[in-house]
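Colleague: One structure coming up, written as structure tokens, with questions to follow.
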Amino acid sequence: MKILVCARRVPDTSENEIEINGAGNDIERDELVYSINEPDNYAVEEALQIRDRIGGDVTVVTIGGEDDDEILRRELAMGANQAVLISDDAFSGSDGRGIAAVLAAFVKKGHYDLILTGVQAEDGAAQVGGMLAAMLDYPFASLVNSIAVEDGKLRVSREIESGNREINEIDLPCVLSIQTGINEPRYVGMRGIRQVASLPIPVLGASDVGVDQATVGEAGARVKRVDYFVPVLSKGAQILHGSREENADEVLELVAAKGGLK
Amino acid sequence: MARILAYIVHRGGVADDSAVELLAAAKKIDSTQSPVAVLTGCGADVDAACDSLRSSFGEIWKIANQALAYPNAELVRQALVSVLPPSSILLVSHDHFGIDLSPGLSIKLNAAFVSDVMGIEAVDGDSLQLVRQEFGGQVSAHVRCDISSGAVINVRPGAFKPEPSAPTAGVVVDKSSAVGALAARRRYIETIVAEAGDVDITKHTVLVSIGRGIQEKENVSLAEELAEVLGAAVSCSRPVVDAKWMEKSRQVGSSGKTVKPKVYLAFGISGAFQHLAGIKGNPFLIAVNKNPKAPIFQIADVGIVDDILEFLPVLTDKVREMRGVSAK
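Going down the list, the sequences are from chains A and B.
Quick note: the first sequence uses this note's numbering, first residue 1, plus one each step.
Quick note: the second sequence uses this note's numbering, first residue 263, plus one each step.
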């Protein structure tokens with residue numbers, strides 16, 4: 001099975017305090033810790049496991065700049081067969097539809113049975129996989145938390161409310177958006193990354209993938225971010241500023257006062 | 263102004279609670295318009311659900327079809343593409359179904375798509391100014407959406423408060439005949455209900471809840487010790503389950519359990535909205551997190567900026583001291 005995984009390099013929200021820059025048009029990007037978008041890493045692991053069970057190969061693609069090479073190396077070290085960077089100034093300011101259009105053009109140049117994305121990235125939009133599927137006219141399932149390959153089709157489970165799972169059968173080729181927790185992504189050490197340091201990563205531009213330029217970039221975007229802001233809260237938490245001991249005493253008193261000590 | 267419609271999810275003949283929230287969001291876009299509710303389904307179920315909306319929506323469009331008995335997003339999309347007027351604005355709840363349906367629907371309608379919208383600030387001709395969150399809720403963003411070719415807008419559950427309005431005498435319009443043959447390449451098989459687990463976190467008065475900040479499986483015992491002396495249960499947020507440190511049955515959130523404790527102690531939980539969606543009944547919420555920007559502090563009653571791995575043992579000792587139990 002030929003599998004394509006669409007991945008992104010993002011600021012790691014669990015490792016960073018996100019601050020807004022002076023102009024309010026971006027976050028402060030100096031000194032941010034970046035990593036592969038977490039759901040995308042699960043998607044790569046799932047692709048590798050399917051390949052190792054039934055054969056085939058795994059390609060990881062990202063749209064970005066030269067710094068994004070870093071996550072492609074990481075996924076090659078995990079065991080992906082090849083990686084591709086799609087990079088062009090023309091993509092700057094693209095909305096989700098623009099990104100999906102670039103990926104759709106790339107997919108049409110190759111042949112993939114299965115395309116995986118992470119369920120969402122740092123903007124929390126959860127949109128590119130579904131858009132890509134609709135552009136390619138492939139079936140789609142979101143929030144996928146297990147995949148079984150059956151004779152020319154897949155049996156997938158979707159995470160729905162209350163921890164319940166919705167089981168679907170889906171024809172190939174298809175696009176799935178992968179939820180975190182679907183597997184246990186393998187560890188990648190520095191040594192593994194060094195071993196793939198010399199593997200070539202092709203870089204493709206807008207004309208190489210053949211995307212319609214009217215749909216990408218700022219000009220093609222129908223959804224544009226105006227600014228970032230911190231909402232003014234009607235009521236935030238009362239922050240305790242005591243020592244650790246004092247804070248613990250206060251928490252204990254509060255828990256008791258609220259009927260939490262039996 | 264474009265026509266505004268709301269896709270309403272229903273179950274067992276009852277419309278989802280999000281119906282009134284979508285109505286409130288529609289009124290924020292255009293208070294002069296009477297938005298249309300759109301429902302898909304089949305038989306008595308969809309009829310009853312349409313009927314239940316007649317007091318809140320002026321017009322209810324029913325799309326009845328045997329193939330739509332279960333809301334398969336691929337089939338619902340085909341039905342909506344046949345029925346929606348050109349350039350209309352469709353509101354959908356941003357839940358597991360909205361995530362499945364809306365991005366692809368927007369492409370098929372050639373409409374703009376905005377996901378997980380929390381606020382609607384301004385309408386200026388063909389431009390809507392909306393509010394979203396990014397980076398796990400650490401910052402908010404204003405986005406502008408060009409609605410000249412229509413829009414699909416996914417609305418965050420709970421973000422729009424239903425507003426009191428005079429009851430309507432809504433009319434149900436049957437749009438079923440506009441939909442042709444429906445065929446899916448993704449077929450619904452069954453729903454598997456979550457296993458109960460060893461501890462029922464929904465029954466506890468106090469929850470000691472842990473998130474990614476617990477860092478390692480070995481550290482879960484720090485929370486278990488506190489819970490034991492408090493007579494509480496340990497619950498958790500999604501990353502803890504993803505990492506296989508705790509069972510899925512302990513997860514609080516929209517894809518886990520809904521809990522109603524009196525006191526909720528959130529340790530190392532950032533406060534993603536999917537987690538907060540599982541905390542009901544307005545408990546007293548105390549949050550400890552080393553990141554002062556963590557969104558949990560926006561909704562907690564009391565917050566402490568500290569490393570939970572250091573703080574938890576201190577708090578546990580305090581409880582033991584108070585109870586006159588010697589440390590183990």
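Where a beta carbon is used, it is the ideal one built from N, C-alpha and C, also for glycine.
Since this is a predicted model, take the numbers as computed values, not measurements.
Measuring only the C-alpha atoms, how far is Ala556(B) from Val581(B)?
Modeller: By one-based count along the second sequence, residue 556(B) stands at place 294. By one-based count along the second sequence, residue 581(B) stands at place 319. Taking the straight line from one Cα to the other gives about 26 Å.
Colleague: Taking only beta-carbon positions, decide if Phe106(A) is within less than 8 Å of chain B.
Modeller: Sequence index remark: in the first sequence, residue 106(A) carries index 106 (1-based). No, Phe106(A) lies away from the interface with chain B (no Cβ there is under 8 Å from its Cβ).
Colleague: Quick one: measure Cβ to Cβ for Phe375(B) and Ser389(B), integer angstroms, because I've assumed they're closer than 8 Å.
Modeller: The residue you call residue 375(B) lines up with position 113 of the second sequence. The residue you call residue 389(B) lines up with position 127 of the second sequence. Contact flag wrong, Cβ pair sits at about 15 Å.
Colleague: Checking 8 Å against the spacing of the C-beta atoms, do Pro419(B) and Asp362(B) come in under that value?
Modeller: What you label residue 419(B) is simply residue 157 of the second sequence in a count that begins at 1. What you label residue 362(B) is simply residue 100 of the second sequence in a count that begins at 1. Taking 8 Å as the Cβ cut-off, Pro419(B) and Asp362(B) do not qualify as a contacting pair.
Colleague: With DSSP as the reference, please indicate the residues paired to Ser402(B) in a beta bridge.
Modeller: In the second sequence, residue 402(B) corresponds to position 140, counting from 1. Per DSSP, Phe229(A), Gln395(B).
Colleague: Please decide whether Asn37(A) counts as near chain B, where near means a Cβ-Cβ distance under 8 Å.
Modeller: Here residue 37(A) corresponds to residue number 37 of the first sequence, with the count starting at 1. Chain B contact via Cβ: absent.
Colleague: Quick check: Ile239(A) and Gly565(B), are their CB atoms within less than 8 Å of each other?
Modeller: As a first step, residue 239(A) is located in the first sequence; it is residue number 239 there, counting from the start. As a first step, residue 565(B) is located in the second sequence; it is residue number 303 there, counting from the start. Yes; because the gap between Cβ atoms is below 8 Å, this pair is in contact.
Colleague: Of all Cβ atoms in chain B, is any one closer than 8 Å to the Cβ of Asn168(A)?
Modeller: In the first sequence, the residue the question calls residue 168(A) occupies position 168. So yes, Asn168(A) belongs to the interface.
Colleague: Am I right that Ala450(B) and Glu166(A) are in contact with their C-beta atoms under 8 Å? What's the rounded C-beta distance?
Modeller: For the purposes of this step, residue 450(B) is identified with residue 188 of the second sequence, where counting begins at 1. For the purposes of this step, residue 166(A) is identified with residue 166 of the first sequence, where counting begins at 1. According to the sequence provided, residue 450(B) is Tyr. The question's Ala does not apply to it. Their Cβ separation, rounded to whole angstroms, is 7 Å, which keeps Tyr450(B) and Glu166(A) in contact under 8 Å.
Colleague: Helix, strand or coil: how does DSSP classify Lys235(A) here?
Modeller: Along the first sequence, one-based indexing puts residue 235(A) at 235. Note: Lys235(A) maps to coil in three-state DSSP.
Colleague: Between the beta-carbon of Val276(B) and the beta-carbon of Ala306(B), is there less than 8 Å?
Modeller: For the purposes of this step, residue 276(B) is taken as residue 14 along the second sequence, with counting starting at 1. For the purposes of this step, residue 306(B) is taken as residue 44 along the second sequence, with counting starting at 1. Result no, Cβ atoms of Val276(B) and Ala306(B) do not sit closer than 8 Å.
Colleague: Decide yes or no for the touch test of the stretch 560–574 of chain B against the stretch 470–488 of chain B: beta carbon pairs closer than 8 Å, at least 3 of them.
Modeller: As far as the Cβ criterion goes, the stretch 560–574 of chain B touches the stretch 470–488 of chain B, which means the pair count is three or higher.
Colleague: Quick check on the burial criterion: 16 or more other C-beta atoms within 10 angstroms. Buried or exposed for Met263(A)?
Modeller: Outside the shown range of chain A, which is 1 to 262, sits residue 263(A), and nothing can be said about it.
Colleague: Find out if the Cβ-Cβ distance for the pair Pro554(B), Glu17(A) is shorter than 8 Å.
Modeller: Counting from 1 along the second sequence, the entry for residue 554(B) is found at position 292. Counting from 1 along the first sequence, the entry for residue 17(A) is found at position 17. For Pro554(B) and Glu17(A), yes; Cβs fall inside 8 Å.
Colleague: Work out the CA separation of Gly303(B) and Glu169(A) for me, nearest whole Å.
Modeller: Position 169 of the first sequence, counted from the start, is the residue given in the question as residue 169(A). Position 41 of the second sequence, counted from the start, is the residue given in the question as residue 303(B). One C-alpha to the other measures close to 20 Å.
Colleague: Starting from Asn247(A), trace the alpha helix (DSSP H) both ways and give me its first and last residue.
Modeller: In the first sequence, the residue the question calls residue 247(A) occupies position 247. Here the alpha helix (DSSP H) through Asn247(A) covers 244–257.
Colleague: Give me the Cα-Cα distance between Phe559(B) and His272(B), rounded to the nearest whole angstrom.
Modeller: Taking the second sequence and counting its residues from 1, the one referred to as residue 559(B) is at position 297. Taking the second sequence and counting its residues from 1, the one referred to as residue 272(B) is at position 10. Taking the straight line from one Cα to the other gives about 34 Å.
Colleague: Under 6 Å Cβ to Cβ from Gly543(B), same chain only, skipping five residues before and after it: list those, please.
Modeller: Counted from its first residue, the second sequence places residue 543(B) at position 281. Lys522, listed in sequence order.
Colleague: Is there at least one Cβ from chain A nearer than 8 Å to Tyr450(B)'s Cβ?
Modeller: As a working mapping, residue 450(B) is identified with position 188 in the second sequence. Closer than 8 Å: yes.
Colleague: By DSSP, does Ala219(A) sit in helix, in strand, or in coil?
Modeller: Taking the first sequence and counting its residues from 1, the one referred to as residue 219(A) is at position 219. In this structure, Ala219(A) counts as helix in the three-state DSSP scheme.
Colleague: What's the gap between the Cα of Tyr138(A) and the Cα of Arg158(A)?
Modeller: Indexing the first sequence from 1 puts residue 138(A) at position 138. Indexing the first sequence from 1 puts residue 158(A) at position 158. The alpha-carbon atoms of Tyr138(A) and Arg158(A) are separated by roughly 17 Å.
Colleague: So, for Val223(A): in the same chain, excluding its five sequence neighbours on each side, which residues have a beta-carbon less than 8 Å away from its beta-carbon?
Modeller: Numbered from 1 along the first sequence, position 223 holds the residue referred to as residue 223(A). If we look at Val223(A) and ignore the five residues flanking it on each side, its Cβ neighbours are Asp95, Gly96, Arg97.
Colleague: With the cut-off set at 8 Å, would you say Ala7(A) and Val60(A) are in Cβ contact?
Modeller: Numbered from its first residue, the first sequence carries residue 7(A) at position 7. Numbered from its first residue, the first sequence carries residue 60(A) at position 60. A contact, by the Cβ cut-off of 8 Å.
Colleague: Which word fits Ala445(B), buried or exposed, when buried means at least 16 other C-beta atoms lie within 10 angstroms of its C-beta?
Modeller: If you number the second sequence from 1, residue 445(B) lands on position 183. Answer is exposed; the Cβ neighbour count stays below 16.
Colleague: Starting from the beta carbon of Thr215(A), find every residue of chain B whose beta carbon is closer than 9 Å, and list them in chain order.
Modeller: Here the question's residue 215(A) lines up with position 215 in the first sequence. Ordered by position in chain B, no residue passes the 9 Å Cβ test against Thr215(A), which lies about 11 Å from the chain.
Colleague: Please list the partners that Lys524(B) has in chain A, where partner means a Cβ-to-Cβ separation under 7 Å.
Modeller: As a position in the second sequence, residue 524(B) is number 262, starting the count at 1. Here the neighbours are Lys258, Gly259, Gly260.
Colleague: So Ser177(A) packs on Ala126(A), CB below 8 Å; how close in whole Å?
Modeller: Position 177 of the first sequence, counting from 1, holds the residue named residue 177(A). Position 126 of the first sequence, counting from 1, holds the residue named residue 126(A). Contact flag correct, Cβ pair sits at about 7 Å.
Colleague: For Trp507(B), list the residues DSSP reports as bridge partners.
Modeller: Against the second sequence, residue 507(B) aligns to sequence position 245. Per DSSP, none; premise fails for Trp507(B).
Colleague: If you follow the alpha helix (DSSP H) that Leu72(A) is part of, which residue opens it and which one closes it?
Modeller: Your numbering for residue 72(A) matches position 72 in the first sequence. Taken as a continuous stretch (DSSP letters only), the alpha helix (DSSP H) holding Leu72(A) covers 69–78.
Colleague: Below 7 Å between beta carbons is the criterion; list the residues of the stretch 17–35 of chain A that meet it against any residue of chain B, in chain order.
Modeller: So the close ones are Glu17, Ile18, Ile20, Ile27.
Colleague: Given a cut-off of 8 Å on the beta-carbon distance, is the pair Val401(B) and Tyr42(A) in contact?
Modeller: Translated into the one-based positions of the second sequence, residue 401(B) becomes position 139. Translated into the one-based positions of the first sequence, residue 42(A) becomes position 42. Cβ atoms of Val401(B) and Tyr42(A): not closer than 8 Å.
Colleague: First and last residue of the beta strand (DSSP E) that includes Asp436(B)?
Modeller: Reading the second sequence from its first residue, position 174 is the one you call residue 436(B). First-last of the beta strand (DSSP E) with Asp436(B): 433–436.
Colleague: Determine whether the Cβ of Ser517(B) lies closer than 8 Å to any Cβ atom of chain A.
Modeller: Taking the second sequence and counting its residues from 1, one reaches residue 517(B) at position 255. Chain A, which has a Cβ nearer than 8 Å to the Cβ of Ser517(B), makes this yes.
Colleague: Can you find a C-beta in chain B that's less than 8 Å from the C-beta of Asp212(A)?
Modeller: By 1-based counting over the first sequence, the position of residue 212(A) is 212. Asp212(A) does not count as touching chain B.
Colleague: Give the C-beta separation of Pro424(B) and Glu283(B) to the nearest angstrom, bearing in mind that I take them to be a contact with Cβ-Cβ under 8 Å.
Modeller: Taking the first residue of the second sequence as 1, we reach residue 424(B) at position 162. Taking the first residue of the second sequence as 1, we reach residue 283(B) at position 21. The pair is a contact, with the Cβ atoms about 6 Å apart (cut-off 8 Å).
Colleague: With DSSP run on the structure shown, which of helix, strand or coil describes Asn81(A)?
Modeller: The sequence position of residue 81(A) within the first sequence is 81, counting from 1. It is coil, neither helix nor strand.
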